[in-house]
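This report refers to the structure that appears directly beneath it.
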Amino acid sequence: MAMTNRYVTAKEKAGLQRRMGAYLARLEAAGIKRRQVLLTDAELVRIKQIVACWRGEACRLSAAEIDACGVLRPG
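Residue numbers in the sequence shown follow UniProt numbering, run continuously in steps of one, and reach 75 at the last position.
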């Protein structure tokens, strides 16, 4: 598969930045940092709570946090 050398317009770049900003805002609302690789124990517990919420299991998240996690849910 060859790479195309098509010129990317300013509107396409702006659209990408807008979509990326919206995605990062959804991550931030759920308490996940951008490009986060290593987790502290507290952050790991939070991620486990989010996944438990997705599975419909009991979790210790507030109503606002549950709503924010629902937006991030894959599939």
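For each residue, glycine too, the CB sits at the ideal point set by N, CA and C.
For residue i, three-class secondary structure by DSSP
| i | result |
| --- | --- |
| Leu61 | coil |
| Gly15 | helix |
| Gly70 | helix |
| Arg55 | helix |
Residue i versus the options, residue with shortest Cα-Cα distance
| i | options | result |
| --- | --- | --- |
| Leu72 | Ala58, Ser62, Arg60, Cys53 | Cys53 |
| Pro74 | Thr4, Leu61, Leu27 | Leu27 |
Cβ-Cβ distance between residue i and residue j below 8 Å
| i | j | result |
| --- | --- | --- |
| Ile47 | Leu39 | yes |
| Ala30 | Ala58 | no |
Backbone CA spacing between residue i and residue j [nearest angstrom]
| i | j | result |
| --- | --- | --- |
| Arg34 | Leu24 | 7 Å |
| Arg6 | Glu65 | 42 Å |
| Gly15 | Thr4 | 19 Å |
| residue 78 | Arg60 | The structure shown does not extend to residue 78, since the chain spans only 1 to 75, so no value can be given for it. |
| Val8 | Ala63 | 41 Å |
| Arg19 | Gly70 | 18 Å |
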